[in-house]
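Asker:
Numbering (UniProt numbering), first residue to last: 1 to 280.
#1: Can you give me the start and stop residues for the beta strand (DSSP E) that residue 152 sits inside?
#2: Taking the Cβ atom as the reference point for each residue, do residue 300 and residue 137 lie within a distance shorter than 8 angstroms?
#3: In the structure shown, what three-state DSSP assignment does residue 169 receive?
#4: For residue 201, is the classification buried or exposed, using 16 other Cβ atoms within 10 angstroms of its Cβ as the cut-off for buried?
#5: Give the single residue among 245, 205 and 244 whose Cα lies nearest to the Cα of residue 227.
#6: Is the distance from the Cβ of residue 241 to the Cβ of residue 43 below 8 angstroms?
#7: Assuming contact is defined by CB atoms lying nearer than 8 angstroms, are residue 51 and residue 36 in contact in what I supplied?
#8: Do you know how far the Cα of residue 168 is from the Cα of residue 236?
#9: Give every residue of the same chain whose Cβ lies closer than 6 angstroms to the Cβ of residue 178, excluding the five residues on either side of it in the sequence, and list them in chain order.
#10: Does any C-beta atom of chain B lie closer than 8 angstroms to the C-beta of residue 93?
#11: How many Å lie between residue 54 and residue 91 at the Cα?
#12: Between which two residues does the beta strand (DSSP E) carrying residue 53 extend?
#13: Give me whichever residues DSSP pairs with residue 104 in a beta bridge.
#14: For residue 93, which of 119, 141 and 135 has the nearest alpha-carbon?
#15: Can you tell which of 104, 88, 75 and 196 has its C-alpha closest to the C-alpha of residue 130?
#16: Okay, do the stretch 58-74 and the stretch 252-263 touch, 3+ Cβ pairs below 8 angstroms being the bar?
#17: For residue 165 and residue 271, what's the separation of their Cα atoms in angstroms?
#18: DSSP three-state label for residue 265, please.
#19: Considering only C-alpha positions, which residue in the set 139, 102 and 180 is nearest to residue 159?
#20: Hey, out of 88, 265 and 46, whose CA is closest to residue 70's CA?
#21: Using DSSP bridges, identify the partner residues of residue 30.
#22: Suppose you measure from the CA of residue 145 to the CA of residue 186; what does that come to, to the nearest Å?
#23: Since I believe residue 107 is in contact with residue 163 (beta carbons under 8 angstroms), could you give me their beta-carbon distance rounded to a whole number of angstroms?
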């Protein structure tokens, strides 16, 4: 029953200015070679955590590790490779013991209308591999040790699109919605072992992933601002972190679904596919 008091306890800790619960803990961050993942790695290291950095690009990962110093370790891994993920889990557990906190941040975004996607089913497959299958496989590999030690928290970087259902993001939002839902169910099964999940339903963040879309240039939060929210979620362990716009969109989708369809369909006509999506 103590989990019911996690948020009030977090508020009390901040009022009393108690040390961060991340101090002395092990935090694994995926997608740690750039963007939100890199900024999160620096932020949790500043709070006294040991940081395990995971990403595909070994050189960039080493750059981040070197900047953090002895408190970090780099684990290059392609999360779309199931065997590689299993090997990563075995190595991490052997070298560090149980992971206390996991940040599933690595992701792939595709903004492309269905009219340009009929012969590109691989977009769906690749997006699901990175955004859903990889994180779930990694989480399932680390969960037994978390449950055995009766402590663990998983933060998933998803999107407010799971609430809004924005056009042109069918593959991306579907993959993030799958992770959002899977984690909510997993959290109910691990509730009494003190293992919890947070879904971060971010709006736009300025990262290399959003760069190909011209309409996003100069818009959105910085990676550091997003990382600050991730760290807060690691410390406070809320169920979800979202936006007012996302919550409003979710309500409209339930209360007036056809009106919501008409509104978003109209907006879709005003925002064309990017040059990258059109193959230019």
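Glycine residues also receive a C-beta, built at the ideal position from the N, C-alpha and C atoms.
Answerer: The relevant details are as follows:
#1: 152-157
#2: The chain is shown only over 1 to 280; residue 300 falls outside these bounds and no answer can be derived.
#3: coil
#4: By the neighbour-count rule (16 or more Cβ atoms within 10 Å), residue 201 is buried.
#5: 205
#6: no
#7: no
#8: 34 angstroms
#9: 132
#10: Among the chains of the structure shown, chain B does not appear; only one protein chain is present.
#11: 12 angstroms
#12: 50-55
#13: 156
#14: 141
#15: 104
#16: no
#17: 15 angstroms
#18: helix
#19: In terms of Cα proximity to residue 159, the closest of 139, 102 and 180 is 180.
#20: 46
#21: 54
#22: 15 angstroms
#23: That pair is no contact at about 17 angstroms.
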